Amino acid sequence: MSIKENIKKVRERIADAALKCGRKPDEILLMGVTKTRTVDEIEEALNYNSLTLKDGLYLDLIGENRVQEAMEKKSKLNIENLKLNLIGHLQANKARKAVEIFDMIQSIDSPEIAERVDKISLEFGKIMPVLIEINTSGEASKTGVNPEKFYELLDNVLKLKNLRLEGLMTVGPISDDEKIIRSSFAMLRKFAEEARSRSGLELKILSMGMSDDFEYAVMEGSTQVRIGSLIFGSRSGRF
Ligand SMILES: *Cc1c(COP(=O)(O)O)cnc(C)c1O
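This is the structure in structure tokens:
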């Protein structure tokens, strides 16, 4: 299967899931997750992007997990029309580069990293779009703020003038159980609803759903799904 066919398939599955729950397919953006992929592989997807815009077979966004890797690839790619999102955990010592190269940081998960990104954004004269990542599954291996610390972090982020909070992000649990997976995504949606009434902000973005669980995420209100292996093939052994 080619990358183009894979994108088409994913788009069809997003549309099916959306229609099943009374949503419009175009409410859900498709992020291509390009971590571990070579510049050539990404370019293939980007070529399709410019050729197939009309047919709807394109990526809306791209996501990378690691600052260094994203930096090396960004300089070799023509991605001006595609917003580059950081979706992996951000370390303080990488914050400067992250502010420099990413259009959005989706993985704000502590007051410390929020403050650091805010301070650097001020230096750059930039308002940095961010999402707060919540660990909705409670799995120890997952990043994201613990749900019980979410409101404290939210209040911190809302005070920072050089960050623009646009929504929430989560990674679903490792499970085959629809109920368990959906309750994780439903938790993110409920936190977003509460955060909207607390802040008065729109907080439109719910970034949730990956190759194995994006249909459930769509049913729970996802506005962008982050898809790697279903588009570019399996990463086994590579990440
Ligand atoms: C790797 C990754 C994805 C994509 O995962 P696939 O299962 O390959 O679709 C999405 N979100 C995050 C945060 C990731 O690390």
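The opening position of the sequence shown corresponds to residue 740 in the working numbering, with each subsequent residue numbered one higher. Backbone N, C-alpha and C fix where the C-beta goes; we use that ideal spot for every residue, glycine too. This one's a predicted model, so the numbers in the text were calculated from it and none came from an experiment.
- Taking 7 Å as the cut-off, the beta carbon of residue 856 is found no closer than this to the beta carbon of residue 836.
- DSSP places residue 846 in the uninterrupted beta strand (DSSP E) bounded by 843-847.
- Assigned with DSSP and collapsed to three states, residue 763 falls in coil, not helix or strand.
- The beta carbon of residue 809 sits closer than 8 Å to those of 803, 823, 825, 840 and 841, all from its chain and outside the five residues before and after it, given in chain order.
- For residue 822, there is no enclosing alpha helix (DSSP H); the residue is part of the beta strand (DSSP E) that begins and ends at 822-825.
- Residue selection by CB proximity (closer than 7 Å to any heavy atom of ligand 1) returns 772, 774, 802, 804, 826, 827, 910, 949, 950, 951, 965, 966, 967, 968, 969, 974 and 978 in chain order.
- Note on residue 936: under 16 other CB atoms within 10 angstroms of its CB, so exposed under the neighbour-count rule.
- Residue 767 has its alpha-carbon roughly 7 Å from the corresponding atom of residue 964.
- Residue 906 is bridged by DSSP to 870 and 944.
- Distances from the CA of residue 878 to each of 891, 811 and 910 were compared; the closest alpha carbon is that of 910.
- Taking C-beta atoms under 8 Å as the contact rule, residue 778 and residue 815 qualify, at a distance of about 5 Å.
- If the five residues before and after residue 971 are omitted, its C-beta is found closer than 7 Å to the C-beta atoms of 742, 776 and 780, all from its own chain and listed in chain order.
- The alpha-carbon of residue 771 is positioned some 21 Å away from that of residue 873.
- Between residue 968 and residue 950, the C-beta gap is smaller than 7 Å, which places the two residues in contact.
- Minimum Cα-Cα distance from residue 801 among the listed residues 956, 974, 946 and 958 corresponds to 946.
- Linking residue 938 to residue 897 through their CA atoms gives a straight-line distance of about 8 Å.
- Residue pairing of residue 965 in beta bridges, as defined by DSSP: 770.
- In this structure, residue 899 keeps its C-beta atom at 7 Å or more from the C-beta atom of residue 931.
- Nearest Cα to residue 887 within the set 881, 905, 744 and 875: 875.
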